[in-house]
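Take the sequence shown: its position 117, counting from 1, is numbered 125 in this note's numbering, and each next residue is one higher.
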Amino acid sequence: MMIGCTALLVLLGIAAIVFVVKAGAIFGWTMNQLRDQVLTALPADVTPEERERLERGFEAAVARVRAGQVEVPALKAMQLQLQSASTKAPRGDLTRDDVLDLLSTLERVGGLLPAPEAGEAEDGEPEAAPPAAESP
Numbered sequence: 009m010m011i012g013c014t015a016l017l018v019l020l021g022i023a024a025i026v027f028v029v030k031a032g033a034i035f036g037w038t039m040n041q042l043r044d045q046v047l048t049a050l051p052a053d054v055t056p057e058e059r060e061r062l063e064r065g066f067e068a069a070v071a072r073v074r075a076g077q078v079e080v081p082a083l084k085a086m087q088l089q090l091q092s093a094s095t096k097a098p099r100g101d102l103t104r105d106d107v108l109d110l111l112s113t114l115e116r117v118g119g120l121l122p123a124p125e126a127g128e129a130e131d132g133e134p135e136a137a138p139p140a141a142e143s144p
């Protein structure tokens, strides 16, 4: 029993090392798959220029993530956009607005657009102030 547990721990340790060493390659492969899935399902009203920007955005985002130059909140925003797009694309539900949202996120993560400043929403508009509390 003890030998089995030790062998399992050794295998898990090896798997963890392989994952850490190959994480960049795995991430790149996953992003390529997502990119291909989104690009093949683009709605007809997406322009050729937007398609090119989308491809550049994917490339830039992958490069910056691999280099460790992306903050966690930006990475989470990209993850949510990619999850939404990858769910809608196979069903043919991807809209131009979805693509533009994804494009904006990829360009920000990839360093092609400046990050939103504090108090500014992703679309560059000032964030709405929270409703004032009513006094009794």
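The beta-carbon is built from N, C-alpha and C at its ideal position, and this holds for glycine as well.
Inter-residue Cα distance where the pair is residue i and residue j
i, j, result
"residue 49", "residue 79", "29 Å"
"residue 21", "residue 13", "12 Å"
"residue 95", "residue 71", "24 Å"
"residue 24", "residue 36", "18 Å"
Closest residue to residue i among the options (Cα-Cα distance)
i, options, result
"residue 106", "89, 117, 122", "89"
"residue 110", "75, 99, 59, 19", "59"
"residue 51", "65, 38, 114, 100", "100"
"residue 75", "118, 104, 42, 91", "118"
"residue 38", "121, 87, 115, 116", "87"
Beta-carbon separation (whole angstroms), residue i vs residue j, contact threshold 8 Å
i, j, result
"residue 83", "residue 73", "7 Å"
"residue 46", "residue 85", "With 8 Å as the limit, residue 46 and residue 85 do not qualify as a contact, their Cβ atoms being about 16 Å apart."
Collapsed DSSP secondary structure at residue i in the structure displayed
i, result
"residue 108", "helix"
"residue 89", "helix"
"residue 54", "coil"
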